[in-house]
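Peer 1: So in the working numbering, the last spot in the sequence shown is 263, and the numbers never skip. Even glycine gets a Cβ: it sits at the ideal position worked out from N, Cα and C. Just so we're clear, the structure is a prediction, and the values are computed from it rather than from any experiment.
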Amino acid sequence: MGTILRYGAHPDQVVEVLAPAGVPRGAAVLLHGGYWRAQFTWGLMEPLAQDLVGRGWEVANVEYRRLGTEDPEPSAAARGGAWPTSLIDATSALAAVADHLRRSGVHLPVVSVGHSVGGQLALLTAAQVDAVVALAPVTDLARTREEGLGEDAVRGVIPEPPEERPEAYAEGSPVHQLPVGRPTLLVHGDADTRVPLTHSEDYLRRATELGDVVELRVVTGLDHLGLIRPDAPHWPGVVEWMDGREDRATRPGPVT
8 MGTILRYGAH PDQVVEVLAP AGVPRGAAVL LHGGYWRAQF TWGLMEPLAQ DLVGRGWEVA
68 NVEYRRLGTE DPEPSAAARG GAWPTSLIDA TSALAAVADH LRRSGVHLPV VSVGHSVGGQ
128 LALLTAAQVD AVVALAPVTD LARTREEGLG EDAVRGVIPE PPEERPEAYA EGSPVHQLPV
188 GRPTLLVHGD ADTRVPLTHS EDYLRRATEL GDVVELRVVT GLDHLGLIRP DAPHWPGVVE
248 WMDGREDRAT RPGPVT
């Protein structure tokens, strides 16, 4: 068990910070997926967390409120299931990590690593870090709803259709929040049926048009969950990209 940071009163508003031996190479903030559902937890990112710590990274593994874990009587700002609760929590968690790093007295470049809806959250909070790795991210909520992805997960977090709450769909769709102004690596398996590859391809196209520095790496034969396996073929290349963060960073450190 590492150091636990609490960024709110809810039991799921926590971050586990794991420190490597020696001076860290950087800080990696992990945001898990699971289509916003309560049964999927930060444990999904534990293999990547342990791998990164072993490679010399300080790791902050984020938990956040999800569908079925939000307050019984949420405020108006948190209506509609887990949205925008998850985004509020991701933003607050990153601020807590930045404060923790600042108090440690060691400047570290910060890279967010998000998978699936964790990739969505990483892209939406990109301004708080130096670079983003998005593994098969959810990038367009209206499209995800239309295609019924994740067992129709969007209807759980935003019950109303896009025409009734267009602002919520835009707020939650990274493709509609471009440009982000941070170096971004997208990684997607061509065997992914949970979030089809075309979603990342379309995000890449739009982000590039708007001037963002984005790279897409397609992994042949890899499915959705394969992206969070540290023994999968793409992972060493992802870590190498993270190690080169200082060359790609747009500024010296995270927004505080």
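(1) To the nearest angstrom, how far is it from the Cα of R72 to the Cα of S123?
(2) Would you report the Cα separation of L217 and P186, rounded to the nearest angstrom?
(3) Assign H39 to buried or exposed, taking buried as 16 or more other Cβ atoms, counted over all protein chains shown, within 10 Å of its Cβ.
(4) Based on the DSSP output, what are the partners of R224 in its beta bridges?
(5) Check whether the Cβ atoms of V164 and S93 lie closer than 9 Å to each other.
(6) May I ask you to verify whether the stretch 166–179 touches the stretch 40–52, counting CB pairs closer than 8 Å and requiring at least 3?
(7) Roughly how many angstroms separate the alpha carbons of Y14 and Q135, rounded to a whole number?
(8) With DSSP run on the structure shown, which of helix, strand or coil describes T215?
(9) Taking only the alpha-carbon atoms, compute the straight-line gap between V246 and L211 and give it to the nearest angstrom.
(10) Ignoring anything shorter than 4 residues, give me the alpha helix (DSSP H) runs that lie fully in the stretch 34–116, in order along the chain.
(11) What are the partner residues of T10, as DSSP defines its beta bridges?
(12) Report the option in L192, L12, T200 whose CA atom is closest to the CA atom of G251.
Peer 2: According to the structure data:
(1) 16 Å
(2) 6 Å
(3) buried
(4) Looking at the DSSP output, R224 bridges to V194.
(5) A contact, by the Cβ cut-off of 9 Å.
(6) no
(7) 16 Å
(8) helix
(9) Cα to Cα, the separation comes out at about 20 Å.
(10) For the stretch 34–116, whole alpha helix (DSSP H) runs of length 4 or above, ordered along the chain, are 53–61, 92–111.
(11) V24
(12) Between G251 and the set L192, L12, T200, the nearest pair of CA atoms involves L192.
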